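Colleague: For the sequence shown, full-length UniProt numbering assigns the number 1 to the initial residue and increments by one for each residue that follows. Right, I'll just put the structure down here and ask away after.
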Amino acid sequence: MTVVDLGYAPGAWTEVAVEYTKPNGRVIGVDILPTVPPTGASTFQGNFLSENVQLSVKRFLASADRGRSQKHFMGGHGYFEAEREKEGGRGGIGHKNVGKDTVNVVLSDMCEPWPLGVGQWASGVKQPYLRLMNVSGLRLRDHVHSMDLCVSALLFSIDVLKPGGDFVCKYYSGGFDKELEAGLKMAFEKVTRDKPDSSRPESREAFFVAKTKKSSVTKEQVLAAMPNLV
Ligand SMILES: C[S@@+](CC[C@H](N)C(=O)[O-])C[C@H]1O[C@@H](n2cnc3c(N)ncnc32)[C@H](O)[C@@H]1O
1 MTVVDLGYAP
11 GAWTEVAVEY
21 TKPNGRVIGV
31 DILPTVPPTG
41 ASTFQGNFLS
51 ENVQLSVKRF
61 LASADRGRSQ
71 KHFMGGHGYF
81 EAEREKEGGR
91 GGIGHKNVGK
101 DTVNVVLSDM
111 CEPWPLGVGQ
121 WASGVKQPYL
131 RLMNVSGLRL
141 RDHVHSMDLC
151 VSALLFSIDV
161 LKPGGDFVCK
171 YYSGGFDKEL
181 EAGLKMAFEK
191 VTRDKPDSSR
201 PESREAFFVA
211 KTKKSSVTKE
221 QVLAAMPNLV
């Protein structure tokens, strides 16, 4: 299996995914923060909202062997196929299809990191660091940011998930999450909302769990289902 974990840092979900995908699967994490990658995962540092970052992840996904613990570079592939993947995906048909249908599960726990200021580690280490928190405390702002991140993760999933693949995203509830739900329902057979026990009851965070990507769904259909979010 291939799992993509968006907003993976510090890495608890990734560690679990690595366990589930052993021994031949791969887990690819993306985070805007620089962190040490959890053992067994491949990671990218960058803003997932950037098209270039998404393209780098898709290029990585397009090489079926990259990121696996048992690497067989070019095993089962010819030289020319490997070269075409580097240039733009299967069949060398440009960026559009890079990494298409390569992933079983996309997870997104992304929430906007808000800088609080520069400080020093409480342990006394004299290195400056950017202190971050995961919500601004302003409901509308947190909601709108989380919708941006969820929509971006959903559109990426339409590209890379195999038919039958699954998607999970965290969101902060508010006026637009019904539209996000409509987009998810367009793309997946079964969509549920979840508020696990580990999530504080007073927090507006919750999760969408979307199972079984439809084989015939297009991005245009999903975009049309959530006109105010795009
Ligand atoms: C709640 S934490 C994730 C915790 C993680 N699931 C775990 O199990 O350790 C949310 C993460 O999303 C990341 N994030 C937020 N916005 C992002 C973006 N635009 N691109 C990439 N990562 C982002 C943050 O840097 C943060 O590390």
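Glycine is no exception: its CB is placed at the ideal position from the N, C-alpha and C atoms. Values in this document were obtained by computation on a predicted structure and should not be read as measured data.
Residues in the same chain with beta-carbon distance under 6 angstroms from E15, minus the five sequence neighbours each way, listed in chain order, please.
Modeller: Mapped onto the sequence shown, residue 15 falls at position 15. P38, listed in sequence order.
Colleague: Helix, strand or coil for Y20, going by three-state DSSP, please let me know.
Modeller: For the purposes of this step, residue 20 is taken as residue 20 along the sequence shown, with counting starting at 1. DSSP places Y20 in helix when its eight states are reduced to three.
Colleague: Relative to ligand 1, is the shortest distance from any of its heavy atoms to the C-beta of D194 smaller than 7 angstroms?
Modeller: For this step, residue 194 is matched to residue 194 along the sequence shown. Not under cutoff, so the answer is no.
Colleague: I158 and A182 look like a contact to me (Cβ under 8 angstroms); what is the Cβ gap, rounded to whole Å?
Modeller: The residue you call residue 158 lines up with position 158 of the sequence shown. The residue you call residue 182 lines up with position 182 of the sequence shown. In fact, because the Cβ distance is near 14 angstroms, the residues do not count as touching under 8 angstroms.
Colleague: Going by DSSP, name the residue or residues bridged to Y171.
Modeller: Here residue 171 corresponds to residue number 171 of the sequence shown, with the count starting at 1. Note: Y171 sits in a beta bridge opposite A206.
Colleague: May I ask you to list the residues that DSSP assigns as paired with V106?
Modeller: The residue you call residue 106 lines up with position 106 of the sequence shown. Bridge partners of V106: V4, F167.
Colleague: Helix, strand or coil, according to DSSP, for E112 in the structure here?
Modeller: One-based indexing of the sequence shown puts residue 112 at position 112. It is coil, neither helix nor strand.
Colleague: With 16 other CB atoms within 10 Å as the buried threshold, where does Y20 fall?
Modeller: For the purposes of this step, residue 20 is taken as the residue at position 20 of the sequence shown. Y20 is exposed by the Cβ-count criterion.
Colleague: Between the stretch 164 to 177 and the stretch 204 to 217, do at least 3 Cβ pairs fall closer than 8 angstroms?
Modeller: At 8 angstroms Cβ cutoff, the stretches touch.
Colleague: Answer with buried or exposed for V230, where buried requires no fewer than 16 other C-beta atoms within 10 angstroms of its C-beta.
Modeller: For this step, residue 230 is matched to residue 230 along the sequence shown. Exposed, because fewer than 16 other Cβ atoms sit within 10 Å of the Cβ of V230.
Colleague: Beta carbon of V151, beta carbon of L6: below 8 angstroms?
Modeller: Here residue 151 is taken as the residue at index 151 of the sequence shown, counted from 1. Here residue 6 is taken as the residue at index 6 of the sequence shown, counted from 1. Going by C-beta atoms, V151 is not nearer than 8 angstroms to L6.
Colleague: Please tell me whether V168 and T192 are closer than 8 angstroms, where the distance is taken between their beta carbons.
Modeller: Mapped onto the sequence shown, residue 168 falls at position 168. Mapped onto the sequence shown, residue 192 falls at position 192. Not in contact: V168 and T192 (Cβ atoms no closer than 8 angstroms).
Colleague: Identify, in the order they occur along the chain, each residue of the same chain with its Cβ nearer than 6 angstroms to the Cβ of T43, setting aside the five sequence neighbours on each side.
Modeller: Here the question's residue 43 lines up with position 43 in the sequence shown. Excluding sequence neighbours, T43 sits near G29, P37.
Colleague: Between which two residues does the alpha helix (DSSP H) carrying I28 extend?
Modeller: Taking the sequence shown and counting its residues from 1, the one referred to as residue 28 is at position 28. Where I28 is concerned, there is no enclosing alpha helix (DSSP H), although the beta strand (DSSP E) it sits in stretches over 26 to 31.
Colleague: For L138 and chain B, any beta-carbon pair shorter than 8 angstroms?
Modeller: Among the chains in the structure shown there is no chain B, since it carries only a single protein chain.
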